[in-house]
Amino acid sequence: MELRQLKYFVGVADALHFGRAAKTLFVSQPALSQQIKLLEGELGVELFVTSQRNRHHKVALTEAGSYFLAEAKRILQLSENAVRNVRQAGANQLIVTLGVFKLILPERIMGMLELFTTHFPTLDIRLVEQPNPVLVQDSVANDQVDLGMTVLPLERKGLVATPYAEADYAVLLDKNHSLATQTAVRLSQLQTERWIDHGPDAGLYFGQLEEACRQAGFVRQNNIVQYVPSFDLLKSMVRLGRGIAFIPVSLDLRQEPDLLAMPIINADGSAFKQVVIQHVLIHKAEHAKPLVQALSGLVNRR
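Quick note on UniProt numbering: the sequence shown kicks off at 1 and runs consecutively.
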């Protein structure tokens, strides 16, 4: 459930007319109707009943809709109050430190900064780059930064993760590899390859990728020649031709002219979607600053 859907619901409930509500909310009527249907589906109840009289559609709230209207208005008011209070509390100086995993695409970092500064124009955002995702989590957990842009899984306790993007996996190759001239590879083509990896303790993606390889006809773990603790070492090993590696397509390789991220396809030629990596914004679960909670809320409401 999104705040936007609550605003749409309240708009229709106040106007009792989808067309007039759409104009007030600056949204098309089909899009408005779709969001109301999604909200009703999530709640499991009908919020409106529509009847036709003299070629005009009459809209009325159901009993459940009348009850939900009061709750929706209360939630929206709480949201507005929270944002207003945070802005007032930090009116003199708004500063937030944001830890970022160094391989995240700059476009995603800039998108996050734009989201924050659109709602808080005077916000001073101080970036701290980390070489791997776990160090981003460490810096948040240890209060070195307020927020972090990293990827799941969370290796540190006491953190809250808000997803903001997903990324498919690709195969990292050096540009002299025999497969480098292809536009995409199937997993079945990689049965005899040597692999570099972060290891089974690196999180849930290891197991998911192993299962995908098993379904393609081979046990990848038998061919892993080196486990490495960081992405920098992983890239170096691949660059030297020691093996290949799985890597999210969302990681920035533009400063790596000797490496390429080869897309993976299934046997039928469709894109490989069996394993996706979640990009998240994280903050501490306890004692988070009101500003940090507000910024995380912006991501959650997108």
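Idealized CB from N, CA, C, for every residue including glycine.
Following the DSSP letters along the chain, one finds H119 inside the alpha helix (DSSP H) bounded by residues P106 to H119.
In this structure, F18 lies away from L47, with their beta-carbon atoms at least 8 Å apart.
L172 places its beta carbon 8 Å or farther from that of L281. If the five residues before and after V83 are omitted, its C-beta is found closer than 7 Å to the C-beta atoms of A294, all from its own chain and listed in chain order.
In chain order, Y169, Y205, Q208, L209 and A212 place their CB closer than 7 Å to the CB of V275, counting only its own chain and leaving out the 5 sequence neighbours on each side. Per DSSP, K284 is one residue of the beta strand (DSSP E) stretching across V276 to K284. Assignment of R20 by DSSP, reduced to helix, strand and coil, places it in the helix class. With contacts defined by Cβ atoms closer than 8 Å, A165 and L154 do not form a contacting pair. Between the region 5 to 20 and the region 30 to 37, the count of C-beta pairs closer than 8 Å reaches three or more; the two stretches touch. Listed as beta-bridge partners of P153 by DSSP are no residues whatsoever. Two segments are said to touch when three or more pairs of C-beta atoms, one from each, lie closer than 8 Å; by this definition the region 177 to 187 does not touch the region 120 to 132.
Contact annotation: V151 and I244 have beta-carbon atoms that are not nearer than 8 Å. Within a 10 Å sphere around the beta-carbon of L78 sit fewer than 16 other beta-carbons, which makes this residue exposed. Proximity to F26 across R4, D138 and I247 peaks at R4, based on C-alpha coordinates. Assignment of A60 by DSSP, reduced to helix, strand and coil, places it in the strand class.
According to the DSSP assignment, D232 belongs to the alpha helix (DSSP H) that extends over F231 to R239. With respect to P263, A167 sits apart: the two C-beta atoms are not nearer than 8 Å. Counting along the chain, the unbroken alpha helix (DSSP H) around G11 starts and ends at L3 to A15. H119 and K23 have their C-alpha atoms roughly 24 Å apart. Taking 8 Å as the cut-off, the Cβ atoms of R156 and A141 count as close. Per DSSP, D268 lies in no beta strand (DSSP E) segment and is marked neither H nor E.
At least 8 Å separates the beta-carbon of A288 from that of G158.
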